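Asks: Have a look at the structure that comes next, please.
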Amino acid sequence: MGRSWGSMGDFDEFVAGGGIVEPVDDLPHEYRDAVFRFIELHANSELMGGLTERDWIPRAPGLRRKMAVLAKTQDEIGHAHLLYMVAADMGVKSRSEMLEDLFAGRGRFHNVFHYQAVTWADQVAIAYLVDAGALISQQAVFKQCSYGPYRRILKRIIVEEGFHMRHGEEMLLIFAEGTDIQRTMFQAALDRWWWPTLHMFGPPSKPDDVLLRWRIKSETNDALRDKFVQKYATLLMGYGFVPPDPDLHRDAETGRWVTGEIDWEPLKATLANLGPDSARRIGGAAEHWNDTRWVREALETVAERPAA
Amino acid sequence: MHVIETSIATASVLDVLARVDDPEYPGVSIVDLGLVESVDVAGGRVTVGLIPTFLGCPALAIIRADVERALVDAGWPGASAEFLHSPVWTPERITDAGRAALGDGFTVAVQLGERSPPCPRCGVAAVRTTALFGSMRCRSVARCDACGEPLEVIR
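Which chain is which? The protein sequence lines are A and B, in order. Residues in the first sequence are numbered from 94 upward in steps of one, following the numbering used here. Residues in the second sequence are numbered from 3 upward in steps of one, following the numbering used here.
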């Protein structure tokens with residue numbers, strides 16, 4: 094039923110020519126492994142993001158914001174659910190293996206979820222910057238993505254992430270047009286979240302990055318980061334906020350923003366699950382998983398019982 | 003759909019609404035999703051009655067604003083849209099065109115009655131629910147037992 098390719102060269106050619114592959118195909122295990130790791134990272138990040146978001150439901154100011162945060166939490170958990178299905182279908186790890194790895198601190202998730210959101214303004218910065226950055230990355234994946242099931246799910250995820258961004262823009266405006274205290278709060282949050290957001294695009298891509306070769310990524314990490322900087326440096330400055338980068342300037346010739354040198358050490362720490370808030374985040378997620386074990390067991394019991 | 007005043011005006015309002023997409027599904031109009039319940043054109047003022055897929059839907063304010071903007075832009079100043087408390091929205095309200103667009107564009111199936119809907123990818127009616135709620139509360143997560151595709155189902 095599935096297709097197969099005689100050699101890696103044939104497979105490369107098929108994918109480079111715009112071919113979309115499916116889980117039933119006889120995929121090279123290098124492709125399977127690389128794409129699996131990418132989707133697992135995405136799934137873990139949606140789950141960790143959803144849990145973080147959930148913490149803010151009771152603390153969000155006002156009913157409308159609570160509804161928005163609630164909906165966003167539902168989105169992230171729903172995305173994680175679908176992504177874990179797609180990842181598990183690749184046959185590398187089962188869903189429970191992925192979750193066990195995550196809760197044991199062996200899994201990976203995006204660097205931005207290794208930091209603590211201190212105030213509501215941090216949540217606004219996350220919605221405004223991190224969600225926008227994530228959307229830029231996901232759109233670039235969707236544009237070319239060679240793996241069919243991921244591509245189809247990304248289409249829905251991207252629409253929903255677009256909502257989160259609208260929500261972020263709306264909240265940013267409140268802070269930008271707000272009192273001095275609100276503006277100070279947002280600037281402090283920006284100081285905390287600017288660099289992690291730039292890190293989120295990943296370290297500079299290697300020229301032989303298989304994710305680029307197999308059309309999972311359509312642009313290098315640096316190109317995506319630059320896209321983000323060009324748009325958001327301008328917007329933030331327009332609102333009178335200043336990214337915490339003394340070397341950020343416009344190139345005299347091109348007029349494009351150029352950032353100062355990026356320190357990659359904080360990103361490396363988060364990738365090793367040794368970020369400032371990693372232990373608490375992972376521990377909290379594991380605790381949540383254990384606390385809800387009885388619900389899963391109850392559902393399994395019901396599922397196993399023969400229908401009356 | 004209950005149309006209070008059948009006239010050329012109402013028809014032209016419906017024409018505008020047919021071009022307002024649901025923010026969740028770009029390319030699928032709110033008319034095809036069955037969200038439009040009534041159109042009232044009285045003394046040149048348009049009031050559109052909408053019904054939500056579910057009350058807690060986070061997109062309601064956006065849908066209302068999109069409808070009002072589209073109508074004002076189409077030459078109906080002061081047009082307003084409101085969400086009605088009845089009737090209750092059901093997936094049966096989605097038109098055939100809407101079902102096709104959801105399936106082709108978003109791999110989303112529509113549950114009508116108790117039977118499995120056809121899988122939007124392979125067409126086989128072997129869609130099995132794996133979780134009652136997906137990323138939206140109006141959608142469940144399912145898998146097609148025939149082609150293996152992870153799906154979402156509007157129900």
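We put the beta carbon where it would ideally sit given N, CA and C, even for glycine. Fair warning: this is a prediction, and the values are worked out from it, not measured in the lab.
Check for me: the beta strand (DSSP E) holding A:Arg96 runs from which residue to which?
Replies: What you label residue 96 of chain A is simply residue 3 of the first sequence in a count that begins at 1. That residue, A:Arg96, is in no beta strand (DSSP E); it is neither H nor E in DSSP.
Asks: Between A:His135 and chain B, is the shortest Cβ-Cβ distance under 7 Å, so that the two count as touching?
Replies: The count along the first sequence starts at 1 and reaches residue 135 of chain A at position 42. Output row for A:His135: interface = no.
Asks: Taking A:Thr277 as the reference, give the member of A:Met330, A:Phe334, A:Phe321 and A:Lys320 with the closest Cα.
Replies: Here residue 277 of chain A refers to the residue found at position 184 when the first sequence is read from its first residue. Taking only the C-alpha atoms, the option nearest A:Thr277 is A:Phe334.
Asks: Taking CB distances under 7 Å as the criterion, tell me whether B:Thr109 reaches chain A.
Replies: Working through the second sequence from its first residue, we reach residue 109 of chain B at position 107. Closer than 7 Å to some Cβ of chain A, the Cβ of B:Thr109 qualifies, so yes.
Asks: For my contact list, B:Glu154 and B:Gly136 are in at a C-beta cut-off of 8 Å; report their separation, rounded to the angstrom.
Replies: For the purposes of this step, residue 154 of chain B is taken as residue 152 along the second sequence, with counting starting at 1. For the purposes of this step, residue 136 of chain B is taken as residue 134 along the second sequence, with counting starting at 1. That pair is a contact at about 5 Å.
Asks: Kindly indicate the opening and closing residues of the alpha helix (DSSP H) around A:Val185.
Replies: As a working note, residue 185 of chain A is residue 92 in the first sequence. Run containing A:Val185: none; DSSP gives neither H nor E here.
Asks: Starting from the beta carbon of B:Ser137, find every residue of chain A whose beta carbon is closer than 7 Å, and list them in chain order.
Replies: Against the second sequence, residue 137 of chain B aligns to sequence position 135. Simply Gln167, Asp168, Gly171, His172 and Glu253.
Asks: Note down, in chain order, each residue of its chain lying with its Cβ closer than 7 Å to the Cβ of B:Val18, except the 5 sequence neighbours on either side.
Replies: If you number the second sequence from 1, residue 18 of chain B lands on position 16. So the qualifying residues of the chain are Ala72, Leu73 and Ala76.
Asks: Starting from B:Val133, trace the beta strand (DSSP E) both ways and give me its first and last residue.
Replies: The residue you call residue 133 of chain B lines up with position 131 of the second sequence. In the sequence as displayed, the identity of residue 133 of chain B is Ala instead of Val. Residues Val129 to Ala133.
Asks: What whole-angstrom Cβ distance do A:Pro369 and A:Tyr208 have, given they're in contact under 8 Å?
Replies: In the first sequence, residue 369 of chain A corresponds to position 276, counting from 1. In the first sequence, residue 208 of chain A corresponds to position 115, counting from 1. Sure, about 6 Å apart at Cβ, within 8 Å.
Asks: Which residues in chain A sit within 7 Å of B:Ala28, going by Cβ to Cβ distance?
Replies: Taking the first residue of the second sequence as position 1, residue 28 of chain B is located at position 26. Correcting the residue type first, residue 28 of chain B is Pro in the shown sequence and not Ala. Going along chain A in sequence order, the residues near B:Pro28 (Cβ under 7 Å) are Val252.
Asks: Give the interface partners of A:Ala379 over in chain B, defined as CB-CB distance under 8 Å, in chain order.
Replies: Taking the first residue of the first sequence as 1, we reach residue 379 of chain A at position 286. Result: empty, since nearest Cβ-Cβ is about 21 Å, beyond 8 Å.
Asks: Here's the rule: buried if 16 or more other CB atoms are within 10 angstroms of the residue's CB, otherwise exposed. What is A:Thr272?
Replies: Taking the first residue of the first sequence as 1, we reach residue 272 of chain A at position 179. Per the 10 Å Cβ criterion, exposed.
Asks: For B:Pro120 and B:Ile156, what's the separation of their Cα atoms in angstroms?
Replies: Walking along the second sequence from the start, residue 120 of chain B turns up at place 118. Walking along the second sequence from the start, residue 156 of chain B turns up at place 154. B:Pro120 and B:Ile156: Cα-Cα distance of roughly 12 Å.
Asks: Considering only their Cβ atoms, is the gap separating A:His257 from A:Lys165 smaller than 7 Å?
Replies: On the first sequence, position 72 is the one that residue 165 of chain A refers to. On the first sequence, position 164 is the one that residue 257 of chain A refers to. Cβ atoms of A:Lys165 and A:His257: closer than 7 Å.
Asks: Please give me, in chain order, every unbroken run of the alpha helix (DSSP H) with length at least 4 that falls completely inside the segment 371-400 of chain A.
Replies: You should have 371-384 and 386-397.
Asks: One question on the structure: do A:Met293 and A:Val205 come within less than 7 Å of each other, judged by their Cβ atoms?
Replies: Here residue 293 of chain A corresponds to residue number 200 of the first sequence, with the count starting at 1. Here residue 205 of chain A corresponds to residue number 112 of the first sequence, with the count starting at 1. Result yes, Cβ atoms of A:Met293 and A:Val205 sit closer than 7 Å.
Asks: Three-state secondary structure (DSSP) at B:Gly51?
Replies: For this step, residue 51 of chain B is matched to residue 49 along the second sequence. B:Gly51: strand per DSSP, three-state reduction.
Asks: Does A:Ala161 get closer than 7 Å to chain B when you measure Cβ to Cβ?
Replies: By 1-based counting over the first sequence, the position of residue 161 of chain A is 68. With 7 Å as the cut-off, A:Ala161 counts as an interface residue toward chain B.
Asks: Can you tell me which of the three DSSP states B:Glu26 falls into?
Replies: Residue 26 of chain B sits at position 24 when you count from the first residue of the second sequence. Of the three classes helix, strand and coil, the one that applies to B:Glu26 here is coil, per DSSP.
Asks: Is there a Cβ from chain A that is less than 7 Å from the Cβ of B:Pro93?
Replies: Working through the second sequence from its first residue, we reach residue 93 of chain B at position 91. Chain A, which has no Cβ nearer than 7 Å to the Cβ of B:Pro93, makes this no.
Asks: With H, G and I counted as helix, E and B as strand and the rest as coil, what does DSSP make of A:Trp287?
Replies: Counting from one through the first sequence, the residue named residue 287 of chain A turns up at place 194. A:Trp287 falls in the helix class under three-state DSSP.
Asks: Which chain A residues are close to B:Ala133, counting only those with a beta carbon under 9 Å from its beta carbon?
Replies: Taking the first residue of the second sequence as position 1, residue 133 of chain B is located at position 131. The answer, in chain order, is Gly171 and His174.
Asks: For chain A, find out if any of its Cβ atoms is closer than 7 Å to the Cβ of B:Pro152; answer yes or no.
Replies: If you number the second sequence from 1, residue 152 of chain B lands on position 150. Yes, its Cβ sits closer than 7 Å to a Cβ of chain A.
Asks: Name, please, each residue of chain B whose Cβ falls closer than 8 Å to the Cβ of A:Val179.
Replies: For the purposes of this step, residue 179 of chain A is identified with residue 86 of the first sequence, where counting begins at 1. Under the 8 Å cutoff, chain B gives Pro152.
Asks: For B:Pro152, write down the residues that DSSP places opposite it in a beta bridge.
Replies: For this step, residue 152 of chain B is matched to residue 150 along the second sequence. Per DSSP, B:Arg145.
Asks: Quick check on this structure: which residue in B:Cys149, B:Val143, B:Pro79 and B:Val30 has the alpha carbon closest to the alpha carbon of A:Val252?
Replies: Against the first sequence, residue 252 of chain A aligns to sequence position 159. Comparing Cα positions, the closest option is B:Val30.
Asks: Can you tell me whether A:Asn137 is buried or exposed? The criterion is at least 16 other CB atoms within 10 Å of its CB, across all chains shown.
Replies: Taking the first sequence and counting its residues from 1, the one referred to as residue 137 of chain A is at position 44. Answer is buried; the Cβ neighbour count reaches 16.
Asks: Given a threshold of 16 other Cβ atoms within 10 Å of its Cβ, counted over all protein chains shown, does B:Ala99 qualify as buried or as exposed?
Replies: The residue you call residue 99 of chain B lines up with position 97 of the second sequence. By the 10 Å Cβ count, B:Ala99 comes out exposed.
Asks: Going by Cα to Cα distance, which pick from A:Gln237, A:Ala225 and A:Lys248 is closest to A:Glu262?
Replies: Position 169 of the first sequence holds residue 262 of chain A. Selected option, being the one with the closest Cα: A:Ala225.
Asks: List, in order along the chain, the chain B residues whose C-beta lies closer than 8 Å to that of A:Pro242?
Replies: Within the first sequence, the letter at position 149 stands for residue 242 of chain A. Going along chain B in sequence order, the residues near A:Pro242 (Cβ under 8 Å) are Glu151 and Pro152.
Asks: With 8 Å as the limit, tell me which residues of the segment 77-105 of chain B have their beta carbon closer than that to any beta carbon of chain A; keep them in chain order.
Replies: Cβ contacts with chain A come from no residue of the segment 77-105 of chain B.
Asks: Output the distance between the C-alpha atoms of A:Pro399 and A:Leu283, rounded to the nearest integer angstrom.
Replies: Along the first sequence, one-based indexing puts residue 399 of chain A at 306. Along the first sequence, one-based indexing puts residue 283 of chain A at 190. If you take the alpha carbons of A:Pro399 and A:Leu283, they lie about 55 Å apart.
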